[in-house]
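Here the protein sequences line up with chains A and B, keeping their order. For the first sequence, the working numbering assigns the number 52 to the initial residue and increments by one for each residue that follows. For the second sequence, the working numbering assigns the number 52 to the initial residue and increments by one for each residue that follows. Even for Gly, the Cβ is constructed at its ideal location relative to N, Cα and C.
2 protein chains.
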Amino acid sequence: MKIGIMGLGTVGTGVVQLLEGDQRFEIRRIVVRDLHRPREIDLSGYELTTDPLSLVSDPEIEVIIEVAGGLSPARELVTAAIRAGKHIITANKALIATHGPELFQLAAEHGVVILFEAAVAGGIPLISTLQHGLLANRITRVAGIVNGTTNYILSRMEREQIPFATALAAAQAAGYAESDPTDDIEGNDVSYKIAILASLAFHAPVEVRQIYRQGISGITDLDIKLAAEFGYRIKMIGLAQPVKRAAGGGPEQVDVRVHPMLLPASHPLAGVDGVNNAIFINGSAVGEIMLFGPGAGRMPTASAVVGDLFNLTSALEIPDFSRYFRTRIEGPACSILPIEETENAYYIRLQTRDIPGVIGRLGTAFGDHEVSLHSITQKGVAADGSATIILVTHRVREQQVQAALEKIRSQETTQQIGVVLRVLV
Amino acid sequence: MKIGIMGLGTVGTGVVQLLEGDQRFEIRRIVVRDLHRPREIDLSGYELTTDPLSLVSDPEIEVIIEVAGGLSPARELVTAAIRAGKHIITANKALIATHGPELFQLAAEHGVVILFEAAVAGGIPLISTLQHGLLANRITRVAGIVNGTTNYILSRMEREQIPFATALAAAQAAGYAESDPTDDIEGNDVSYKIAILASLAFHAPVEVRQIYRQGISGITDLDIKLAAEFGYRIKMIGLAQPVKRAAGGGPEQVDVRVHPMLLPASHPLAGVDGVNNAIFINGSAVGEIMLFGPGAGRMPTASAVVGDLFNLTSALEIPDFSRYFRTRIEGPACSILPIEETENAYYIRLQTRDIPGVIGRLGTAFGDHEVSLHSITQKGVAADGSATIILVTHRVREQQVQAALEKIRSQETTQQIGVVLRVLV
């Protein structure tokens, strides 16, 4: 089988390595951005080009492996390739999250398939589990750690008791974070991934830009230490669950969001350290299952790409096989529950003036908005006379917490609302 | 689609429940052992029969769901059904482990498929992960907890500090162990499951009866307590790994075995409690992944059976689709590494007379056989003057340990070799 590859970064290099010496495949052409960049592997046997459309116009190429990432020119290439009757294997979460439904539709019209196991959680067989393994289930929740960079940073902050900025610099030095880390630390990467998982789970489009996201840059080593004292660990979580279901079975509204969360230390996700990923899926029949493994990296991600290629190859022996691999994400997009209407428990760190009556004022402000407090604790007083106060609430609707915080923000004793984190209960 | 079901026990009942109201399927007939047994669900809409072959002779039945278990009459039914051109979905681990290769071959000859996701680890998508998700990998290890009964017993022994017999009785009372618990507690059930996983991982038959197995009935609550003191938890483990690989890539010899094992308390498998299952898979590209979830029970197992049915249904739209689902376990059976040649660390509990020099004698016996000791600890003296001694070795070949124990058994100070358990290192 003749294939074309677009992209020769980390994942693309892994794919070339895995296919090396496999007589069943011929890599016809590899699209790179820079023909003269030094590469880690010997590419003398391959034709390199900077022209993505040369993959499309080559009539002998049956399958295009798109591992360049980003929306452009990936979208144009994939669209043209589908129209030219080529199958697509991609690791591109942004592309699938943003344009998946229209691309799947186009692929169905042209009798080709789009496989994207590598787009979420690297080599963990998560997409196929949702698409095939759990077909007999209504999915009632998908939640997990799907970004290795933030998990690495939070793990190091906790283990070494270092500030966010130091851990970020360490992640960058170790190659786990980009020089511009925004997409990872502000939750954009997770929002792409949870959009894909949610759209597969609920069989309907989920619009990425509607997804609430909170990053981890506001979390301090003090928060991590205090969370530990309360029996929690802080993890960056992507979450998707239906809120209400229509008569036909599909969800009317879905709760999809991305934010750090305090997890009880005994929760299995709390023990997932470093760049690993772990995802819980709840199904109506199966109950709760968890998948765990390396969520990124050259060979784990290449394992998913090449796994898709091998599955496709064995299917290609069969006439009209493509229907089996069809991804159906159709109909109007899900309505996403506004974050103000979600229900959580909350961990809140405040800075106040250390004068008598402060605790009472805080308690009253929450009480006035019917926020029930689990605990309120003063953690020492700084040299400037400011006190750090930690509040943990019971489960409550977010808008009530926000209203109480609005009130507290206007109290003259309040110096700063440090961080507000949701707690898994 | 018209289907026939053989077996209406726990899993069969779950399958009927999951398919209820699904207009795409018609359950033509259900084979039961006893027509008059009271059932938990309303069966008034279904035809019950005691004749398995009536499923085969019904030309309208396209798919037979075999959830009766056991080798006979399941084997005869499945064989006849394949010859009659019917697809098979089964949860029968004994059948697949014992006769899988010949049945897969027969199915290929007749253009039908055998799906068996439910045969190992209930609703966890483990079979499809090995067959499809990790296709790009050489599998270098499969290891895990795949028997809920033994895990439940060991969990209760640990949590409540109760003897094996008490925990077994509790498991029986809770419906997690059979009245004759031999298959579970002596490792037969695990040997079926690990045989299936190993044959899929190594693409060659693995003969169940060649697999070494050690049960958990010899483990005392003292062992669990002492293991905890050493930082370990005891779990029943099924393990499969290649030993040497032939030039062609297939394994020449495989290390497949079933026994309880001491796992470091920090190991993710150590935290798996109750009737849950968890399986680690190591692949050459993906690294290490873990799948976790309910390994048995009505709805989790039915989820896997009905998931297979839904996948099959979507594939049946495609002419000649069956090749995609073909399970290839061919060629001569793997040669299994004799247990004497495996390498492990060991936990050994002995009863000796409490006289000076005993520790020295034990140390010398191990030293003479080049077994390096990690620790040797005396744990108290009983009223009869006997001492309990715990030895933990470094990694060593099993036959050296056995030879040392042979020597120790003959020492006049030795009263009993209580238990010998392998330690994951």
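Using a Cβ cut-off of 8 angstroms (strictly closer), state whether residue i contacts chain B.
| i | result |
| --- | --- |
| A:T180 | yes |
| A:D371 | yes |
| A:Y227 | no |
| A:F343 | yes |
| A:P351 | yes |
| A:I340 | yes |
| A:S354 | yes |
| A:N362 | yes |
| A:Y397 | no |
| A:Y375 | yes |
Should residue i be flagged as near chain A, meaning a C-beta pair shorter than 8 angstroms?
| i | result |
| --- | --- |
| B:A336 | yes |
| B:S365 | yes |
| B:S206 | no |
| B:A316 | no |
| B:V357 | yes |
| B:M52 | no |
| B:N239 | no |
| B:D124 | According to the sequence shown, residue 124 of chain B is Pro rather than Asp. Answer no: the Cβ-Cβ gap between B:P124 and chain A never drops below 8 angstroms. |
| B:L69 | yes |
| B:E91 | no |
| B:F76 | no |
Just to confirm my understanding: we take residue i, look at its own chain, exclude 5 residues before and 5 after, and list those with CB closer than 8 angstroms. What are they?
| i | result |
| --- | --- |
| B:G436 | R404, D405 |
| A:N239 | T233, R264 |
| A:E98 | R79, R80, I81 |
| A:D419 | A455, K458 |
| B:Q74 | none |
Among the residues of its own chain, which have a CB less than 6 angstroms from the CB of residue i, if the five just before and after it don't count?
| i | result |
| --- | --- |
| A:T464 | T403, R404, V409 |
| A:A366 | F372 |
| B:A321 | R284, L314 |
| A:Q467 | Q402 |
| B:D306 | Q292, V294, L388, T393 |
| A:N202 | I196 |
| A:D324 | S206 |
| B:N188 | G334, S335, A336, V337 |
| A:L475 | M312, L314 |
| B:A218 | I204, R207, M208 |
Between which two residues does the alpha helix (DSSP H) carrying residue i extend?
| i | result |
| --- | --- |
| A:Q265 | Careful: A:Q265 lies outside any alpha helix (DSSP H) and carries neither H nor E. |
| B:M52 | Run containing B:M52: none; DSSP gives neither H nor E here. |
| A:L277 | 272–280 |
| B:H150 | 144–160 |
| A:A132 | 125–134 |
Please report the residue range of the beta strand (DSSP E) in which residue i lies.
| i | result |
| --- | --- |
| B:T439 | 437–444 |
| A:E97 | Looking at the sequence itself, residue 97 of chain A is Tyr, so the reference to Glu does not match. From DSSP, A:Y97 is part of no beta strand (DSSP E); its letter is neither H nor E. |
| A:N395 | 394–404 |
| A:R79 | 77–82 |
| B:F331 | 327–334 |
Which word fits residue i, buried or exposed, when buried means at least 16 other C-beta atoms lie within 10 angstroms of its C-beta?
| i | result |
| --- | --- |
| B:T101 | exposed |
| B:I236 | buried |
| A:H87 | exposed |
| B:S95 | exposed |
| A:V357 | buried |
| B:P407 | exposed |
| A:S250 | buried |
| B:E168 | buried |
| B:T428 | exposed |
| A:I92 | exposed |
| B:K430 | exposed |
So, for residue i: in the same chain, excluding its five sequence neighbours on each side, which residues have a beta-carbon less than 7 angstroms away from its beta-carbon?
| i | result |
| --- | --- |
| B:G121 | A145 |
| A:D109 | G55, R79, R80 |
Any beta-carbon of chain E closer than 8 angstroms to the one on residue i?
| i | result |
| --- | --- |
| A:D231 | This model lacks chain E altogether; the protein chains it does include are A and B. |
(message) Short of 9 angstroms Cβ to Cβ, which residues in the segment 180–202 of chain B face chain A?
(response) Under the 9 angstroms Cβ criterion, the segment 180–202 of chain B contributes T180, H183, G184, L185, L186, A187, N188.
(message) Along the segment 149–176 of chain A, where does the CB come closer than 8 angstroms to a CB of chain B? Name the residues.
(response) E168, G173, G174, I175, P176
(request) Could you name the residues of the segment 271–298 of chain A whose beta carbon sits closer than 7 angstroms to any beta carbon of chain B, in the order they occur along the chain? (result) Listed by position, the residues of the segment 271–298 of chain A near chain B (Cβ gap below 7 angstroms) amount to none.
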